[in-house]
Structures are given as structure tokens and as C-alpha cells.
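Sequence positions in the sequence shown follow my numbering and run 591 to 705.
Where a beta carbon is used, it is the ideal one built from N, C-alpha and C, also for glycine.
Quick caveat, the model's predicted, so the values are computed rather than measured.
Structure first, commentary second.
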Amino acid sequence: QVQLVESGGGLVQAGGSLRLSCAASGSIFDILTMNWYRQAPGKQRELVAALRSGGTTTYADSVKGRYTISRDNAKNTVYLQMNSLKPEDTAVYYCAFLKVGRDYWGQGTQVTVSS
Numbered sequence: 591q592v593q594l595v596e597s598g599g600g601l602v603q604a605g606g607s608l609r610l611s612c613a614a615s616g617s618i619f620d621i622l623t624m625n626w627y628r629q630a631p632g633k634q635r636e637l638v639a640a641l642r643s644g645g646t647t648t649y650a651d652s653v654k655g656r657y658t659i660s661r662d663n664a665k666n667t668v669y670l671q672m673n674s675l676k677p678e679d680t681a682v683y684y685c686a687f688l689k690v691g692r693d694y695w696g697q698g699t700q701v702t703v704s705s
């Protein structure tokens, strides 16, 4: 089992920054991918950033150059640094860890960007 707890969301003005954290506990040695998703009201959940076990990263086009996914192995924590935030970035952000045949999700953290 893997437990994930997100933190770091909040209200920020457009152009500002936030850093989200996803603290993991449990059996994480065989995690394949660590992802951040978001879901805005009335929209489908979308993948915004992924960090694979080998270290490669991918980003949604809408956040490229503004978001950075990283991890601290000593703290079992994955981060999402979000810069130059826009009102359209407003959403609930979730971290998700993927193993073979199984995925684990956090409870989500709200990010609201005011114009």
C-alpha cells in the first residue's frame, strides 16, 4: 500500500508561484511514475506533469516552462513548483503514483489563481 498526502495549495494572484508537495509513505520502492494531475470545475482531469523512475519528465503543453516536477528521495516527497500562475491554472491538484497494475492517489489540494 501507498499513502499520499498533498499540501501547498492556496490562493495566489496571477503571476505568482506556489509549490505543491506530495508526501508518500508505504511501499514505494517499485513506483514507476509519479504524476501530478489537476481537475478544474466542469472539466476532465488532466495530467500536468510526470516524473518517471529513470528521472525523465514530461509536461502538459499548457504548463511547459512554468511548472517543474521534482522529488526528494530522502523525504519520500514529490514537488510541483508552479510559477507564472494564470487564472486558468485554478483547479484541484492531485498526485498519483503508478505501479504495475495499480495506482495510488492523494486527496487533492485546491489551487486558486485570482486575476
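- For residue 663, the three-state secondary structure derived from DSSP is helix.
- Taken through DSSP and simplified to helix, strand or coil, residue 679 comes out as helix.
- A straight-line Cα-Cα distance of about 11 Å links residue 599 and residue 612.
- For residue 656, no pairing in a beta bridge is given by DSSP.
- The stretch 647 to 659 makes contact with the stretch 670 to 687, as at least three CB pairs between them are under 8 Å.
- In the DSSP secondary-structure assignment, residue 593 is bridged to 615.
- In this structure residue 623 is in contact with residue 641, their Cβ atoms being roughly 7 Å apart against a cut-off of 8 Å.
- By the neighbour-count definition (other C-beta atoms within 10 Å, threshold 16), residue 647 is an exposed residue.
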